[in-house]
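The structure appears below as C-alpha cells.
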Amino acid sequence: MPSISKKGQHMPQSPIRKLVPYAEMAYKQGKTVYHLNIGQPDIKTPEIALDAVKVHSLEILAYTRSEGSDEYRTKIANYYSKHDIHLTKSDIIVTTGGSEALMFAFGSVMDTDDEVIIPEPFYANYNGFSTASGVNIVPVISKIEDNFALPPIEEFEKLITPKTKAILICNPGNPTGYLYSKEEIKKLAHIVKKHNLFLISDEVYREFAYDGVQHYSIMQEEDIAEHAIMIDSVSKRYSMCGARIGCIVSKNKDVISTALKFAQARLSPPTLAQIASEAALQTPQSYFDDVIEEYVARRNTLISELEKIEGVKVAKPKGAFYCIVELPVKNSDAFAQWLLESFDVDGETIMVAPAAGFYSTPGVGLNQIRIAYVLNQGSLIKAVSILKEALKVYKD
Ligand SMILES: Cc1ncc(COP(=O)(O)O)c(C=O)c1O
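Anchor point for the sequence shown: position 147 equals 226 in this note's numbering, and the numbering is continuous, going up by one each time.
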C-alpha cells in the first residue's frame, strides 16, 4: 500500500472531537450528555442574516472575487472603523472561516522549520495549522495562578531565535478566556518591532469582552502596521459557525498580496455565506448587549458553582466563553472518557475537553479541562453538579 505522508501522520487529532465516539456510545446507552466541550454557541443567528439568504435575486450561484466581494469588504472596513480600527477594503481578504485565515497567515509569513511563539494553553487547532505548514510552535507557558495573563515579556525574548518569524496570540483567549490589556498588547508590539517579527492576533472573540473592559486590538497599534496580522470570523460574533466566513487583515501590502495568492488557489470564499455575513453587519447593538449579558450570567454561575467543589481551581474568564478548570485528577483524558463510558447521574453525564491538547509542552495541563459555557444557566448548574458527583467516585 502506498504510504501516508509524514506530515499527515503528524497531524494531531482534535482534542475536542476525539471523544465523540464515546459520546455516541453514551447516547446509545440512552444517556443525556451535557456538552461542555465545544465552542458551538446556542445563541440564535441574527434573523437579518438568515433572511438575506432566504430572499435573494441570484440566478447563478457564482464564485466571488478571491479576496471576497467588494461590497462585503467595504462594509467590514466600516464595521472596524466603529472599533477604532482604520482600514480600507484592500487590507482585507475574506476567507472560509477564521481557520482559513490562519492557514493563509501561516503560509504567507512562515517557511518549513520556521518558529512561531505562542502563549499556551492555546486554541488546539494551531497545532494542526502549524503541522500542515511545517512550522514549529515554541510555547511560552501562561499560568492558571495568573489567570493566564501574558507571561513576562522576557520569557518571549528568551525564546526568540533566527528561526522565529512570528508571535501568535488569541485575544480574548480560547481556551483561557483571558482578555489582554492595552498594556500587554503594547509590550508585544514593542518586542515584535524590536526583533522584526510578525504579530498575528486571532480576534474571533473580540465582541465577547466582559465587565465593561474594552477589547484592544493589535490593529490599533499603528506603530506596528507592517507587523500586524489580524484573524477574524463571523462564526462566534453572530453565531454563524456554519457560514464559514472569516477574514485576514493586515496593512502590510506584501502580506495581503501573498495571502491573495493562497486565496486565488482556492478560488473564492462561499458566495451565499458572504451575503449572509454582509447582512449580519446590520445587526443592532442590542443583539450584542443581550448576548453579552447572557454570557456574563452564565460565566458567573459556572465559576461560582465550580468554586464550591473542593480541589477544583478555575481562572475567571474576562472574555470569550471558555475557561480552564484544574481538577483533582491525574489524567483528564482518561477522566473525560470515563465520564462518557462509565458514569451518569440518573442517566445524565457531561462531555468536557481535556486540556492537554491545548498545550504543546508534553505533560502540561494533564489535570485540566476546558469548559465552554455555551449552555443555559440551568444546564450549567446541572452539569457542574454531575462533575462534582463524578469527582467523588472517580479513581485515577
Ligand atoms: C480561537 C479560534 N480561532 C479560530 C477559530 C476558527 O473559527 P472559524 O473557522 O469557524 O472562523 C476558532 C473556532 O472555534 C477559535 O476558537
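In this text, a Cβ means the ideal position worked out from N, Cα and C, and glycines have one as well.
Member of the options whose CA lies at the smallest distance from the CA of residue i
i      : options                           : result
Val132 : Ala322, Gln119 and Ser458         : Ala322
Asn215 : Pro231, Leu229 and Leu247         : Leu247
Leu459 : Val195, Ile382, Phe235 and Arg345 : Ile382
Ser209 : Phe183, Phe227 and Pro230         : Phe183
Trp417 : Pro251, Tyr473 and Gly390         : Tyr473
Gln92  : Tyr202, Glu301 and Ala469         : Tyr202
Val313 : Tyr158, Met104 and Ile95          : Tyr158
Contact test: residue i Cβ vs ligand 1 heavy atom, cutoff 8 Å
i      : result
Ser212 : no
Val283 : yes
Leu351 : no
Cys402 : no
Arg323 : yes
Gly147 : no
Gly442 : no
Lys315 : yes
Asn116 : no
Ser296 : no
Ile248 : no
Ile308 : no
Tyr257 : no
Ser312 : yes
Ser178 : yes
For residue j and residue i, the rounded distance between their alpha carbons
i      : j      : result
Gly109 : Val328 : 46 Å
Ser178 : Ser169 : 20 Å
Thr380 : Gln456 : 7 Å
Val293 : Leu166 : Just to set this straight, residue 293 is Gln in the shown sequence, not Val. Roughly 19 Å between the two C-alpha positions.
Glu234 : Tyr142 : 46 Å
Gly186 : Ala338 : 8 Å
Val431 : Leu137 : 42 Å
Leu181 : Met309 : 9 Å
Gln119 : Val453 : 7 Å
Ser336 : Gln343 : 10 Å
Phe287 : Leu258 : 9 Å
Assumed close pair residue i, residue j - CB separation to whole angstroms, cut-off 8 Å
i      : j      : result
Met189 : Lys272 : Going by Cβ atoms, the distance from Met189 to Lys272 rounds to 19 Å, so no, they are not a contact pair.
Ser318 : Thr124 : 5 Å
Asp281 : Lys397 : About 16 Å; that fails the 8 Å criterion.
Counted within 10 angstroms of its Cβ, other Cβ atoms place residue i as buried (16 or more) or exposed
i      : result
Gln353 : buried
Gln88  : exposed
Thr440 : exposed
Met298 : buried
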